[in-house]
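J.: Numbering (the numbering used here), first residue to last: 14 to 371.
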């Protein structure tokens, strides 16, 4: 008796289930073959007791896989259970036992958990250590930046200049966050050199398990943003804006400082948008529309994840959707390069699809 688990190979080849009455649905592997347990089992038995022994073994093995005892074992949607009737070489296979069937919702849940667990495991240890160190340093730099802004307020005109600079910086940060989010969602793969595991991996994980970000520590949530903005933050920390330096210079330094702070905190704002109970002050800012609000961001989390990419304030999302901004860029890129938008992302997030790496 055998339990044959069919795993999609790199070419997308699979074996069809031979069930005559129903199809066995356990989930489809989306993980590279190095972490997949095929579950092949064979047992020689006598003709008299072969069918009963192998049937019991097949159920035990299949149910162990269903239970999800190991997240590194991937359960295949096209698994075929052989009753052992072909031990003598006749090749006959019985229909799938009904007690091994899983509801579709549980199948999809297993698939998503397995894929998300694999992607989470690809967070490089060296990058974790770097993120921790940079986050520690940035906490002190951030406090200095806030101090610089608050201490620069000496009159009503300086307050107006600071608020104006913040509004312009918020638009810029929203645009930058949207462009980066769109690029990482739309192109590349986990295997893309340098940026694959360092950056794109987290975007693939997020579409499979959107709430995983709420369980990430500060350094993992904000590590990439801090890495990109820390050099600018350090420079600005030692060049504070001063109202006495002149109107335009003061406005410019306030704008650069606010832009740096907002960009470095974009993914934290994104995390709060997914949190069921964000801090009360954050919730107040969300309700006022100052930063991204959860219900507005949910529009992005419907397959094929092709809209509402701006995640700092979300102010630009309605405009970009109205003018079809993202589709126009994608069409232009595809016409020149032939690159298909969201090909890798759909392979990860679509139920049962195996990722096809670039």
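Here a beta-carbon is modelled for each residue, glycine too, at the ideal position from N, C-alpha and C.
Predicted model, so just to flag it, every value in this text is computed and none were measured.
May I have the straight-line CA-CA distance separating residue 358 from residue 266, to the nearest angstrom?
T.: Translated into the one-based positions of the chain shown, residue 358 becomes position 345. Translated into the one-based positions of the chain shown, residue 266 becomes position 253. Looking at the two C-alpha atoms, the distance is approximately 39 angstroms.
J.: Alpha carbon to alpha carbon, how far is residue 150 from residue 232?
T.: The sequence position of residue 150 within the chain shown is 137, counting from 1. The sequence position of residue 232 within the chain shown is 219, counting from 1. Computed Cα separation, rounded: 11 angstroms.
J.: Roughly how many whole angstroms lie between the Cα atoms of residue 12 and residue 320?
T.: This structure leaves residue 12 out entirely; the chain is present only between 14 and 371.
J.: Quick check: residue 216 and residue 329, are their CB atoms within less than 8 angstroms of each other?
T.: Residue numbering aside, residue 216 sits at position 203 when the chain shown is read from its first letter. Residue numbering aside, residue 329 sits at position 316 when the chain shown is read from its first letter. It is not a contact, given that the beta carbons lie outside the stated cut-off.
J.: Can you tell me where the alpha helix (DSSP H) with residue 347 in it begins and where it stops?
T.: Start at 1 with the first residue of the chain shown, and residue 347 comes out as number 334. Per DSSP, residue 347 belongs to the alpha helix (DSSP H) from 338-350.
J.: Is residue 341 buried or exposed, if buried means 16 or more other CB atoms sit within 10 Å of its CB?
T.: Your numbering for residue 341 matches position 328 in the chain shown. With fewer than 16 other Cβ atoms within 10 Å, it is exposed.
J.: Going by beta carbon distance, what residues of the same chain come within less than 8 angstroms of residue 158, once the five residues before and after it are set aside?
T.: As a first step, residue 158 is located in the chain shown; it is residue number 145 there, counting from the start. Taken in chain order, the residues that qualify are 246, 249, 250, 270, 273 and 274.
J.: Please report the residue range of the alpha helix (DSSP H) in which residue 257 lies.
T.: On the chain shown, residue 257 is found 244 positions in, with the first residue counted as 1. Counting along the chain, residue 257 falls outside any alpha helix (DSSP H), and DSSP gives it neither H nor E.
J.: Can you tell me whether DSSP reads residue 244 as helix, strand or coil?
T.: Mapped onto the chain shown, residue 244 falls at position 231. Correct three-state label for residue 244: helix.
J.: What does the alpha-carbon distance come out to for the pair residue 260 and residue 127?
T.: Your numbering for residue 260 matches position 247 in the chain shown. Your numbering for residue 127 matches position 114 in the chain shown. Taking the straight line from one Cα to the other gives about 56 angstroms.
J.: Would you kindly report the start and end of the unbroken alpha helix (DSSP H) that includes residue 287?
T.: If you number the chain shown from 1, residue 287 lands on position 274. Where residue 287 is concerned, the enclosing alpha helix (DSSP H) stretches over 279-287.
J.: Where does residue 363 fall in DSSP's three states?
T.: Stepping through the chain shown from its first residue, residue 363 is reached at position 350. The answer is coil: DSSP assigns residue 363 none of H, G, I, E or B.
J.: Going along the chain, which residues of its own chain have a beta-carbon closer than 6 angstroms to the beta-carbon of residue 53, five neighbours each way excluded?
T.: Counting from 1 along the chain shown, the entry for residue 53 is found at position 40. Caution is warranted here: a pLDDT of 43 is assigned to residue 53, below 50, making its placement in the model unreliable, and no coordinate value can be reported.
J.: Helix, strand or coil for residue 320? Go by DSSP, reduced to three states.
T.: The residue you call residue 320 lines up with position 307 of the chain shown. Correct three-state label for residue 320: coil.
J.: Just curious, the alpha helix (DSSP H) that residue 196 is in, first and last residue?
T.: Indexing the chain shown from 1 puts residue 196 at position 183. Residues 169-199.
J.: Flag residue 213 as yes if its beta-carbon sits less than 8 angstroms from any beta-carbon of chain B, otherwise no.
T.: Looking at the structure shown, chain B is missing, and only one protein chain is on hand.
J.: Expressed to the nearest angstrom, what Euclidean distance is found between the alpha-carbon atoms of residue 92 and residue 131?
T.: Within the chain shown, the letter at position 79 stands for residue 92. Within the chain shown, the letter at position 118 stands for residue 131. Below a pLDDT of 50, predicted positions are generally treated as unreliable, and residue 92, at 37, falls in that range; the measurement from the model is reported next regardless. The alpha-carbon atoms of residue 92 and residue 131 are separated by roughly 21 angstroms.
J.: Identify the continuous alpha helix (DSSP H) that holds residue 135 and give its terminal residues.
T.: Stepping through the chain shown from its first residue, residue 135 is reached at position 122. Element bounds for residue 135: n/a, residue is neither H nor E.
J.: I'd like to know whether the C-beta atoms of residue 263 and residue 196 end up nearer to each other than 8 angstroms.
T.: Sequence index remark: in the chain shown, residue 263 carries index 250 (1-based). Sequence index remark: in the chain shown, residue 196 carries index 183 (1-based). Taking 8 angstroms as the Cβ cut-off, residue 263 and residue 196 do not qualify as a contacting pair.
J.: Of the choices 222, 288 and 316, whose alpha-carbon is the least far from that of residue 308?
T.: For the purposes of this step, residue 308 is taken as residue 295 along the chain shown, with counting starting at 1. For residue 308, the nearest C-alpha among the options comes from 288.
J.: The alpha helix (DSSP H) that contains residue 335, what's its start and end?
T.: Residue 335 sits at position 322 when you count from the first residue of the chain shown. Its alpha helix (DSSP H) spans residues 330-335.
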